[in-house]
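Each remark here refers to the structure printed beneath this line.
Number of protein chains: 2
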Amino acid sequence: MYRSHHCGALTATNIGTEVQLAGWAAKTRDKGFVLWIDLRDRYGITQLVLDEERSNPEILEAAKRIGRETVIQVSGTVLEREAKNPNMATGDIEVLVISLEVLNEAQTPPFTIEDDTDGGEDLRMKYRYLDIRRTPVQQSLLFRSKVALLVRNFLAKEDFVEVETPYLIKSTPEGARDFVVPSRMNEGQFYALPQSPQTFKQLLMIGGMDRYFQLVKCFRDEDLRADRQPEFTQIDCELSFVHQNDIMACFEALLSYLLKEIHGISPKPFPIISYEDAIKTYGNDKPDIRFGMTFTELNEIAQNRGFQVFDAQELVVGIAVPGAAAWSRKQIDAWIDWVKRPQVGANGLVWVKCNEDGSYKSSVDKFFDADALASWAKACEAKLGDLILVMAGNASQTRTQLSALRMALAEELELRKPNEFAPLWVVDFPLFEKDDETGELHAMHHPFTAPKPEHLEKLQSDPTSVVAQAYDLVLNGNEIGGGSIRIHNRETQEKMLSLLGFSEADAKAQFGFLMDAFTYGAPPHGGIALGFDRLVAILDGKETIRDYIAFPKNNSGRDVMIDAPAPVDTEQLDELSLIIKPKAE
Amino acid sequence: MYRSHHCGALTATNIGTEVQLAGWAAKTRDKGFVLWIDLRDRYGITQLVLDEERSNPEILEAAKRIGRETVIQVSGTVLEREAKNPNMATGDIEVLVISLEVLNEAQTPPFTIEDDTDGGEDLRMKYRYLDIRRTPVQQSLLFRSKVALLVRNFLAKEDFVEVETPYLIKSTPEGARDFVVPSRMNEGQFYALPQSPQTFKQLLMIGGMDRYFQLVKCFRDEDLRADRQPEFTQIDCELSFVHQNDIMACFEALLSYLLKEIHGISPKPFPIISYEDAIKTYGNDKPDIRFGMTFTELNEIAQNRGFQVFDAQELVVGIAVPGAAAWSRKQIDAWIDWVKRPQVGANGLVWVKCNEDGSYKSSVDKFFDADALASWAKACEAKLGDLILVMAGNASQTRTQLSALRMALAEELELRKPNEFAPLWVVDFPLFEKDDETGELHAMHHPFTAPKPEHLEKLQSDPTSVVAQAYDLVLNGNEIGGGSIRIHNRETQEKMLSLLGFSEADAKAQFGFLMDAFTYGAPPHGGIALGFDRLVAILDGKETIRDYIAFPKNNSGRDVMIDAPAPVDTEQLDELSLIIKPKAE
Numbered sequence: 076m077y078r079s080h081h082c083g084a085l086t087a088t089n090i091g092t093e094v095q096l097a098g099w100a101a102k103t104r105d106k107g108f109v110l111w112i113d114l115r116d117r118y119g120i121t122q123l124v125l126d127e128e129r130s131n132p133e134i135l136e137a138a139k140r141i142g143r144e145t146v147i148q149v150s151g152t153v154l155e156r157e158a159k160n161p162n163m164a165t166g167d168i169e170v171l172v173i174s175l176e177v178l179n180e181a182q183t184p185p186f187t188i189e190d191d192t193d194g195g196e197d198l199r200m201k202y203r204y205l206d207i208r209r210t211p212v213q214q215s216l217l218f219r220s221k222v223a224l225l226v227r228n229f230l231a232k233e234d235f236v237e238v239e240t241p242y243l244i245k246s247t248p249e250g251a252r253d254f255v256v257p258s259r260m261n262e263g264q265f266y267a268l269p270q271s272p273q274t275f276k277q278l279l280m281i282g283g284m285d286r287y288f289q290l291v292k293c294f295r296d297e298d299l300r301a302d303r304q305p306e307f308t309q310i311d312c313e314l315s316f317v318h319q320n321d322i323m324a325c326f327e328a329l330l331s332y333l334l335k336e337i338h339g340i341s342p343k344p345f346p347i348i349s350y351e352d353a354i355k356t357y358g359n360d361k362p363d364i365r366f367g368m369t370f371t372e373l374n375e376i377a378q379n380r381g382f383q384v385f386d387a388q389e390l391v392v393g394i395a396v397p398g399a400a401a402w403s404r405k406q407i408d409a410w411i412d413w414v415k416r417p418q419v420g421a422n423g424l425v426w427v428k429c430n431e432d433g434s435y436k437s438s439v440d441k442f443f444d445a446d447a448l449a450s451w452a453k454a455c456e457a458k459l460g461d462l463i464l465v466m467a468g469n470a471s472q473t474r475t476q477l478s479a480l481r482m483a484l485a486e487e488l489e490l491r492k493p494n495e496f497a498p499l500w501v502v503d504f505p506l507f508e509k510d511d512e513t514g515e516l517h518a519m520h521h522p523f524t525a526p527k528p529e530h531l532e533k534l535q536s537d538p539t540s541v542v543a544q545a546y547d548l549v550l551n552g553n554e555i556g557g558g559s560i561r562i563h564n565r566e567t568q569e570k571m572l573s574l575l576g577f578s579e580a581d582a583k584a585q586f587g588f589l590m591d592a593f594t595y596g597a598p599p600h601g602g603i604a605l606g607f608d609r610l611v612a613i614l615d616g617k618e619t620i621r622d623y624i625a626f627p628k629n630n631s632g633r634d635v636m637i638d639a640p641a642p643v644d645t646e647q648l649d650e651l652s653l654i655i656k657p658k659a660e
Numbered sequence: 076m077y078r079s080h081h082c083g084a085l086t087a088t089n090i091g092t093e094v095q096l097a098g099w100a101a102k103t104r105d106k107g108f109v110l111w112i113d114l115r116d117r118y119g120i121t122q123l124v125l126d127e128e129r130s131n132p133e134i135l136e137a138a139k140r141i142g143r144e145t146v147i148q149v150s151g152t153v154l155e156r157e158a159k160n161p162n163m164a165t166g167d168i169e170v171l172v173i174s175l176e177v178l179n180e181a182q183t184p185p186f187t188i189e190d191d192t193d194g195g196e197d198l199r200m201k202y203r204y205l206d207i208r209r210t211p212v213q214q215s216l217l218f219r220s221k222v223a224l225l226v227r228n229f230l231a232k233e234d235f236v237e238v239e240t241p242y243l244i245k246s247t248p249e250g251a252r253d254f255v256v257p258s259r260m261n262e263g264q265f266y267a268l269p270q271s272p273q274t275f276k277q278l279l280m281i282g283g284m285d286r287y288f289q290l291v292k293c294f295r296d297e298d299l300r301a302d303r304q305p306e307f308t309q310i311d312c313e314l315s316f317v318h319q320n321d322i323m324a325c326f327e328a329l330l331s332y333l334l335k336e337i338h339g340i341s342p343k344p345f346p347i348i349s350y351e352d353a354i355k356t357y358g359n360d361k362p363d364i365r366f367g368m369t370f371t372e373l374n375e376i377a378q379n380r381g382f383q384v385f386d387a388q389e390l391v392v393g394i395a396v397p398g399a400a401a402w403s404r405k406q407i408d409a410w411i412d413w414v415k416r417p418q419v420g421a422n423g424l425v426w427v428k429c430n431e432d433g434s435y436k437s438s439v440d441k442f443f444d445a446d447a448l449a450s451w452a453k454a455c456e457a458k459l460g461d462l463i464l465v466m467a468g469n470a471s472q473t474r475t476q477l478s479a480l481r482m483a484l485a486e487e488l489e490l491r492k493p494n495e496f497a498p499l500w501v502v503d504f505p506l507f508e509k510d511d512e513t514g515e516l517h518a519m520h521h522p523f524t525a526p527k528p529e530h531l532e533k534l535q536s537d538p539t540s541v542v543a544q545a546y547d548l549v550l551n552g553n554e555i556g557g558g559s560i561r562i563h564n565r566e567t568q569e570k571m572l573s574l575l576g577f578s579e580a581d582a583k584a585q586f587g588f589l590m591d592a593f594t595y596g597a598p599p600h601g602g603i604a605l606g607f608d609r610l611v612a613i614l615d616g617k618e619t620i621r622d623y624i625a626f627p628k629n630n631s632g633r634d635v636m637i638d639a640p641a642p643v644d645t646e647q648l649d650e651l652s653l654i655i656k657p658k659a660e
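Protein sequence lines, in the order shown, are assigned to chains A and B. Residue numbering for the first sequence follows the numbering used here, starting at 76 and increasing by one per position. Residue numbering for the second sequence follows the numbering used here, starting at 76 and increasing by one per position.
Encoded structure:
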């Protein structure tokens, strides 16, 4: 027994008792005749005290030599503190040290182990084990663990069974690149790490498991964008004998349960909007609906009024920015510059100030009179004091650009409140996307997604108009989950793969086992997968996932702490029958 | 809504109600004027009935054409059965079918979907999704899921936090061969899949996480023995500020909790025996203590009595087989042949019948009189009616051989009762094993295991006599877990790696990050890992793990269902800068 209590355990009820504690010396305050040490562990901080009057002089001297982050064990007596700290669980007491043992010395850490550390990102990643000692990171990992357990217990109560699917599987073209694993026992052959357990969970449904879930690592060998990881965790689920609305109800209940357990929030029934409406109203398919600034299409009332910038365009679309009529010209110009940056790529912004006195001031006063601007304001539901911002151009690009602006404005205006949660469903996705250059069809979701039954017959004749039985769960501007009803018969799956450009032989080689399985009594089924890393971050009111992953990789896919990946022995490559290709001259 | 109830839900309380059900047509009985269908899903079986009197003739005809494993949906009325089946949850009722829809046709499955199937292992693996429909496999997977949740909730209550450690790590020589993953972004470099999260969990302790656990997949590229898998699941745990007995107490509580929850058993405090005693008493370090037949060393009383077979040997050792004095000479000879097989490799057996009348009959009557044999019987604690079997030879080999015999006899005598659970701890393992041929030292547990503090000074001078702070949890003859207190300071870890033959440079390259971490305030820590696949099987009274793994691989590491591993495109290899070595001529 190194300790009788954690460092967060002792309160006034323990006064007078003898205790043993162990932990890290987080901070010492040396007043000469008296020394305080903040002893820290995962559970909290307990103040230790030694002084000339009450302590053994040798122990006091030894204690004075203890550096930051030294691991110590003490025994002592719990005393009432003179100066209580109501902000700490242990703030009523301190422990008068009777004996003290240094369990392990510590070098001075390369950055301070404090909530606001002086360590930069790179240093913190290299010494991630020290970074994890910091309360914000530690709390993030504890929070993740808590959410995982809530998810598991909720799903278990709903008759879901957690089944582990294999990690060493077969390379399949599910969108991204696979990581592959050479097989030593099967020369020249490779396993692939799963991008998701998609086919396995469908096989589990065919196997009669009825309701499956798994918190599972998935792998994608993609060029990493910021805040993407080559390995990530999914809450992966599949259900049999369900329609789309059954699945949505089930996972709406899960998210509502999490919001209730974590934040005491009982959300209203989640709004359901179509993909088309999401694009038209928010410019993207994962709208943040915590705030307004919804899109208003102004073609009808703003085109053919002599302002040629608008007239030739496919779309004229505006938003009303609340309270921004008071902005200076300089402020507005800054936003115009912002949308013109290559990352956004817009041509500019037309603006209309809806002044508090009912007058209008705009950048297009030459072309539009007060009545015309009033009709814009009415259409955009702009209030007195709002600023209308209008873009025009190709519909798809303009929506994307205005969406970027809307999100940035919301950020600026602090409308994206981290403790407000606005979930919604986006439904009725197209089954296919068409590559504009090649004309090839790609699956919008994945090749196993079922079309709406009433669209089945259009599959061949008019594939891009086919709507999928697919749905995304969106929270605060993030797609936290997506799923679909799956195809469960061989003919439809064959047709689907053929439309996606698979030859019959390729389809058979890659998915023959699944299509065979469909012929042995596959139940109707569907599922969903939630991105767990992001879900946890958002539920904790954060946007970046890195602190919710214990040992993340950097943007080159490296773990800089352990220095991986790394070269391996030639001997090991020999066993795998592999040669590293010499670099081209 | 495909169904209002599961197939296991309806009882007498539902009589008279209209219900919708969906599932598989497991069996039909056609009496011409009446047809019964057993409708099956994960939750049970409900009997459907259609007859000429009450059913729509078209529906009755359609129902008669339904083949085995067809997926159907019906609506109907719950009726009281005439012939009740008290062995089924739904045995009081049947459902009179009003409407019926075939949701998916099924080919005749390649084996019967029954508890005792006619399908062989290979066929069942190829069609694993059909195998999983069989109740025994399905129940095994459900049981596994249940145990996982029990484990998680128990550990969470004990302040353990589940932290996901990375799967793409660095190749380390932890005993077995690593699976490696070529990195596309870091040319010529490789990740490795973890054999265990050992170093990461130690870093989490250094990071102050205090109590960590994870149910985690681990990977070993070994030539597969029967019932071994290249990927397997561990309950992986680590604790800070603990001694060996703290960890043992914690996981004794876990296993006791599982036995209580699953079987209603409250085991007594687990026996703790030393490695040395385990070897001497049972011939191996994972003894099955559900039965006796413990070893008795007979050197003192059986050597130097004129029987030269014994005299020159290092060890003479016997066991008393309960009730086996009645065996025929033929039966005994069969066991003698059994131990002489190359798999066991013994020279033979000396036997002594302790007859019910108090007389003795032995294979060595020429050399030992009744008094001598009586002294053997006394030493072996043989009762009247027992058979003493004695082996002699090199101590280590003889113990292994006698252990094999003891286990086989217990199997034969049905002493290995699947519903009896006899956990124990084996402790005081040597820190090192010495390779007899090369003289090299190998870590008995792993290179991070701490020696007993009082043996630290012998590390250099007499390493093979050093005892480790290591412990195995053994259940019914299986090692279900093993762990140790870890080294937590740099000097000891360096010394350890040096004794294991690591050069300073190798040690630094492979474990530099860990040894660095030790210098920043590493707490004393230790942990344990339990083999989850096996634990689940044993808790369910089974010995083989295969049915507890949804999609196992065969002994060549192949998934025969999806046909993995498989060749990959040259293009993909190009991206990884790899070439497959042409086969040697």
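Idealized CB from N, CA, C, for every residue including glycine. Quantities reported herein were computed from a predicted structural model and do not represent experimental measurements.
Original post:
On the three-pair Cβ rule with 8 Å, is the region 594 to 608 of chain A touching the region 193 to 201 of chain A?
Top reply: No contact exists between the region 594 to 608 of chain A and the region 193 to 201 of chain A.
Original post:
What residue does the alpha helix (DSSP H) around residue 204 of chain A start on, and which one ends it?
Top reply: Counting along the chain, residue 204 of chain A sits inside the alpha helix (DSSP H) bounded by residues 203 to 206.
Original post:
Based on Cα-Cα distance, which residue from B/208, B/291, B/263 lies nearest to residue 240 of chain B?
Top reply: Residue 240 of chain B has its Cα closest to that of B/291, out of B/208, B/291, B/263.
Subject >> Interface residues of chain A facing residue 546 of chain B [CB-CB closer than 7 Å] >> reply: Think of a sphere of 7 Å around the beta carbon of residue 546 of chain B: no beta carbon from chain A falls inside it, the nearest being about 17 Å out.
Original post:
What are the residues of the region 205 to 221 of chain A that lie near chain B, defined by any Cβ-Cβ distance shorter than 7 Å?
Top reply: From the region 205 to 221 of chain A, only 205, 207, 208, 213, 216, 217, 220 have a Cβ closer than 7 Å to chain B.
Original post:
DSSP on residue 226 of chain B, reduced to helix/strand/coil?
Top reply: In this structure, residue 226 of chain B counts as helix in the three-state DSSP scheme.
Original post:
Mind checking residue 433 of chain A: buried by the 16 CB within 10 Å criterion, or exposed?
Top reply: So residue 433 of chain A ends up on the exposed side.
**OP:** Taking C-beta pairs closer than 9 Å, name the residues in chain B that residue 321 of chain A reaches, listed in chain order.
**Re:** Those are 76, 77, listed as they occur along chain B.
Original post:
alpha helix (DSSP H) containing residue 325 of chain A: first to last residue?
Top reply: Residue 325 of chain A -> alpha helix (DSSP H) spans 319 to 338.
**OP:** Determine, using beta carbons only, whether residue 588 of chain B comes closer than 9 Å to chain A.
**Re:** When Cβ-Cβ separations below 9 Å define contact, residue 588 of chain B makes contact with chain A.
**OP:** Report the residue ranges of all alpha helix (DSSP H) runs contained in full by the region 510 to 595 of chain A; include only those spanning at least 4 residues, in chain order.
**Re:** Contiguous alpha helix (DSSP H) elements confined to the region 510 to 595 of chain A occur at 533 to 536, 565 to 574, 579 to 593, taking only those with 4 or more residues.
Original post:
Looking at C-alpha atoms only, which residue of A/199, A/120, A/141, A/189 is the closest neighbour of residue 160 of chain A?
Top reply: That would be A/120, whose Cα lies nearest to the Cα of residue 160 of chain A.
Original post:
Could one say the Cβ of residue 596 of chain A lies closer than 9 Å to chain B's Cβ atoms, at least one of them?
Top reply: By this cut-off, residue 596 of chain A is an interface position.
**OP:** Using 10 angstroms around the beta-carbon of residue 448 of chain A, count the other beta-carbons present and answer buried if the total reaches 16, otherwise exposed.
**Re:** Buried.
**OP:** Please check the pair residue 572 of chain B and residue 582 of chain B, which I expect to be a contact at CB under 8 Å, by giving their CB distance rounded to whole angstroms.
**Re:** About 4 Å separates the two Cβ atoms, so the contact holds.
Original post:
Along chain B, in chain order, which residues have C-beta atoms closer than 8 Å to that of residue 564 of chain A?
Top reply: Result: 179.
Subject >> Contact list for the region 509 to 531 of chain A against chain B, Cβ threshold 9 Å >> reply: Answer set for the region 509 to 531 of chain A: empty.
Original post:
Name the DSSP beta bridge partners of residue 626 of chain B, please?
Top reply: Answer by DSSP bridge pairing: none, since residue 626 of chain B is not bridged.
Original post:
If you count every other CB in all the chains shown that lies within 10 Å of the CB of residue 469 of chain B, and 16 or more means buried, which is it?
Top reply: Of the other Cβ atoms in all chains shown, fewer than 16 fall within 10 Å of the Cβ of residue 469 of chain B; this residue is therefore exposed.
Subject >> Under 8 Å by beta carbon: chain A residues contacting residue 261 of chain B >> reply: Those are 631, 632, 633, 640, listed as they occur along chain A.
Original post:
Do you know offhand how far residue 148 of chain A's Cα is from residue 78 of chain A's?
Top reply: If I take the Cα positions, the gap works out to 8 Å.
**OP:** Output yes or no for whether 9 Å exceeds the beta carbon distance between residue 322 of chain B and residue 499 of chain B.
**Re:** One thing to note: residue 322 of chain B has its Cβ no nearer than 9 Å to the Cβ of residue 499 of chain B.
Original post:
Is any beta-carbon of chain A found at less than 9 Å from that of residue 636 of chain B?
Top reply: It does: the Cβ of residue 636 of chain B has a partner Cβ on chain A nearer than 9 Å.
**OP:** Could you run through the region 414 to 444 of chain B and flag, in chain order, every residue whose CB is less than 8 Å away from some CB of chain A?
**Re:** Under the 8 Å Cβ criterion, the region 414 to 444 of chain B contributes no residue.
Original post:
Does DSSP put residue 355 of chain B in a helix, a strand or coil?
Top reply: The answer is helix: DSSP assigns residue 355 of chain B an H, G or I state.
Original post:
Buried or exposed: where does residue 138 of chain A fall if 16 or more other Cβ atoms within 10 Å of its Cβ makes it buried?
Top reply: Counting Cβ neighbours within 10 Å, residue 138 of chain A comes out buried, since at least 16 surround it.
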